[in-house]
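S.K.: First, the structure itself, so that you have it in front of you.
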Amino acid sequence: MFTIGVLASGKGTNLQAIINYIKEENIPIKIGIVISDNPNSMALERAKKEGIKTICIPSYRYKTILGDDIEKEYVKVLKENNVDLVCLAGFMRVLKKTFIKSFPNKIINIHPSLLPAFPGLEAWKQALEYGVKFTGCTVHFVDEGVDTGPIILQAVVPILPDDTPETLHKRIQEKEHIIYPLAIRLISEGKVSIVGRKVYIK
Ligand code: GRF
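Residue numbers (this note's numbering): 14 to 215.
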């Protein structure tokens, strides 16, 4: 069975979308482990409710990275659970080289903008403030940069004249919940290949 590990720090709505999609579509994908750095993450609750194994591995020394020792622990847990693909779903820490090298081309992320526009935090706010007419979301492979890896899928969301950061983020998330599970499915079916920066889907 194709096994994924999900890393999440916050609300976990993307995790929920993945759970629902696997059930509704009845596809052979198992969520082997959900890991959070945040003991209060709703993602942990959502996983427990579904009988999915969870673990919280906090990192108190840093805010934006995990630190070498903690990264090693994440990798150990993911390997112990035979994870084929690591899915970052609102995981608020940047992964460093050792982690990324442990899962070559096997880590993906969902980002709330049309990359390469607006990498980093609160991308929907950045888009709104910049005044672009369209934004969206991107599923991409994770490399050593921040939101710079090869792009797998994107969805477009128009920005409306009376949008607030909240209304815009909500509409972007609706699209995230469609393209993230789909990208995972395509990878699990062996339909995704990477050539240089380009991702091809069969
Ligand atoms: C999403 O907007 C995602 O694009 C970003 O973090 C947020 C996570 O949301 N990386 P949730 O915790 O899945 O609801």
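For every residue, glycine included, the Cβ atom is placed at its ideal position computed from N, Cα and C.
Just so we're clear, the structure is a prediction, and the values are computed from it rather than from any experiment.
What would DSSP say about Val96, mapped onto helix, strand or coil?
M.R.: Here Val96 sits in coil by DSSP.
S.K.: From which residue to which residue does the beta strand (DSSP E) around Ser217 run?
M.R.: No statement about residue 217 is possible, as the shown extent of the chain runs from 14 to 215 and does not include it.
S.K.: Please name the residue, chosen from Lys109, Gly64, Glu38, Pro71, that lies closest to Asn53 on a Cα-to-Cα basis.
M.R.: Pro71
S.K.: Check whether the Cβ atoms of Val169 and Leu127 lie closer than 9 Å to each other.
M.R.: yes
S.K.: Beta-carbon separation of Gly18 and Asn51 under 9 Å?
M.R.: no
S.K.: With a CB to CB cut of under 6 Å and the five nearest residues on each side skipped, what residues in its chain are close to Phe147?
M.R.: Take Phe147, set aside five residues on each side of it, and the residues of its chain with a beta-carbon closer than 6 Å to its own are Val169, Pro171, in chain order.
S.K.: I'd like to check one pair, Ile78 with Ile197: are the Cβ atoms closer than 9 Å?
M.R.: no
S.K.: Our contact map puts His124 next to Cys150 with C-beta atoms below 8 Å; I'd like the distance itself, whole angstroms only.
M.R.: That pair is a contact at about 7 Å.
S.K.: Run the CB neighbour count on Arg74, radius 10 Å, all protein chains shown included, and call it buried at 16 or more, exposed below.
M.R.: Exposed, by the Cβ-count rule.
S.K.: DSSP three-state call for Lys76: helix, strand or coil?
M.R.: coil
S.K.: Following a CB-centred definition, is Ser206 positioned closer than 8 Å to any heavy atom of the ligand GRF?
M.R.: Because no heavy atom of the ligand GRF lies under 8 Å away, the Cβ of Ser206 does not count as near it: no.
S.K.: Using 10 angstroms around the beta-carbon of Gly45, count the other beta-carbons present and answer buried if the total reaches 16, otherwise exposed.
M.R.: buried
S.K.: So the beta strand (DSSP E) Pro171 belongs to, where does it begin and stop?
M.R.: 164–171
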